[in-house]
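Structure, as structure tokens:
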Amino acid sequence: MKIDVLTLFPGMFAGPLDESIVKRARQAGLLDLRIHNLRDYAHDRHRTVDDRPFGGGPGMLLKPEPLFEAIEALAGEQTRVILLSPAGRVFNQAVARELAQQTALLFVSGHYEGFDERVREQLADDELSIGDYVLTNGALPAMVIIDAVTRLLPGALGDDESAHEESFSQGLLEYPQYTRPAEFRGLQVPEVLLSGNHAEIARWRAEQARQRTKERRPDLM
Ligand code: 4HQ
-17 MKIDVLTLFP
-7 GMFAGPLDES
3 IVKRARQAGL
13 LDLRIHNLRD
23 YAHDRHRTVD
33 DRPFGGGPGM
43 LLKPEPLFEA
53 IEALAGEQTR
63 VILLSPAGRV
73 FNQAVARELA
83 QQTALLFVSG
93 HYEGFDERVR
103 EQLADDELSI
113 GDYVLTNGAL
123 PAMVIIDAVT
133 RLLPGALGDD
143 ESAHEESFSQ
153 GLLEYPQYTR
163 PAEFRGLQVP
173 EVLLSGNHAE
183 IARWRAEQAR
193 QRTKERRPDL
203 M
């Protein structure tokens, strides 16, 4: 998969996408990730990318010319162009699975009060939010989504990591888990997990997952 990111803060992307599973996916050629500075597409010597809203009001907007030129330069026929903003549909695991099927993604990370509406109308295929809170810009949302999508690319997870994906994708929260020692500071691991009875263990785990989900995240049930 090819992923391009258009941002005013390319420096924010150094680090989170250079570790762990995303790093390995990039090295293996499963993910071709490129970060682009929106300022490189500005027209003037001050590299201006923002301007005041018509009609007045607080804050600045990303002006259309640099965004149009950048997106037209970076997006191919197959590219899904995605704006990050709190007004988007809310990202979740189902959206991650949908994006993991695409050939190419271009994330456009907003800043200030957002985008000139013509960018939305003419260039965006999709608009996503990572949740109902306000961030300073769309760089972290872009990284969150890239992380969640990358681990779904075929071959991105090792065998141990894939086994884990199965249990979460049942749509419930995880059951409680324990490792050695069986007693730690007087705290015992539940007897059933030491029993060796695999059918009974599977039943116990399913019930724990159900109870925990009902208690903490009834919206998932
Ligand atoms: N922002 N999910 C404002 C977000 C956000 C979110 C990005 C802040 C866009 C203009 N983006 N800029 N939550 O809060 O995606």
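So that you can map any letter, position 189 of the sequence shown is 171 in the working numbering, and since no number is skipped, the others follow by simple counting.
Glycine residues also receive a C-beta, built at the ideal position from the N, C-alpha and C atoms.
With 5 Å as the limit, the residues whose C-beta approaches any heavy atom of the ligand 4HQ more closely are L66, S67, P68, G92, G96, S111, I112, V116, L117, G120 and P123, in sequence along the chain. Comparing alpha carbon positions, the residue from E109, H28 and G41 closest to R71 is E109. Here H93 is buried: its Cβ has 16 or more other Cβ atoms, across all protein chains shown, within 10 Å.
For A121, the closest alpha carbon among the candidates E54, F(-9) and G39 is that of F(-9). Taking all protein chains shown into account, S177 has fewer than 16 neighbouring C-beta atoms within 10 Å of its C-beta and is therefore exposed. Per DSSP, reduced to three states, the secondary structure at E165 is strand.
CA-to-CA, the gap between A130 and A78 works out to about 6 Å. P163 and Q170 have their C-alpha atoms spaced approximately 9 Å apart. Around the Cβ of T195, a 10 Å sphere holds 16 or more other Cβ atoms; the residue is buried.
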